[in-house]
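> I'd like to ask you about the structure that follows.
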Amino acid sequence: GPWGEATLRLASGDDRCEGTVQAWCRGRWVPVCQASWSLTASQQLCHHLRCGDAEGEAVTLSVDDNGDGVGVGDGVGDGNGTKGCPTIMANCSGRPPWLCRLRLATERSCCTTGLARVTCTGKGTAGATRH
């Protein structure tokens, strides 16, 4: 079910406990900008996914995300221009009111510092089941 206001996942990693942070927006998965992400958000997401804790240096720059065909600048925000890069609210602040604002990479120009990427300590464990 939804986590906070937006549904988040990790994608393009070796398993479901690592990868680029993506949010479900307007019927598709869109990468989240690194500048709007935090280690606290990484911890919250790892716990939510039952993947243990976030590794300390987990928030790494990832300017391109070609792993599953959802990338920056792929036309999700056509017609919006850079001012139209959407933001969403998600439960990732770690304290009340729990919500933080995440900027989405609907276009390459939306994220000046690349995409948020998270690696959880539970990566590769029994909890990270492959289908």
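Under the UniProt record's numbering, the first residue of the sequence shown is numbered 1, with each subsequent residue one higher. Note that beta-carbon positions come from the ideal geometry of N, C-alpha and C, so glycine has one too. These numbers come from a predicted model, not from an experiment.
1) If you run the structure through DSSP and keep just helix, strand and coil, what is residue 33?
2) Tell me which residues share the same chain as residue 112 and place their Cβ nearer than 7 Å to its Cβ, disregarding the 5 neighbours each side in the sequence.
3) Considering only DSSP beta bridges, list what residue 84 is partnered with.
4) Return the CA-CA distance between residue 89 and residue 30, expressed in angstroms with no decimal places.
5) Just to confirm before moving on: does the CB-CB distance between residue 143 and residue 102 stay below 8 Å?
6) Going by C-alpha distance, which of 21, 28, 27 and 25 is nearest residue 37?
7) Thinking just about the alpha-carbon of each residue, which of 46, 107, 98 and 39 is nearest to the one in residue 11?
8) Can you list, in chain order, the residues of its chain with a C-beta nearer than 7 Å to that of residue 18? Leave out the 5 residues immediately preceding and following it.
9) How is residue 99 classed by DSSP in three states: helix, strand or coil?
10) Cutting at 6 Å between CB atoms, please list the residues of its own chain near residue 24, excluding the five before and the five after it.
Walking through what the data contain:
1) strand
2) 35
3) In DSSP, residue 84 forms no bridge with anything.
4) 14 Å
5) The chain is shown only over 1 to 131; residue 143 falls outside these bounds and no answer can be derived.
6) 21
7) 46
8) 10, 118, 119, 120 and 123
9) strand
10) 7
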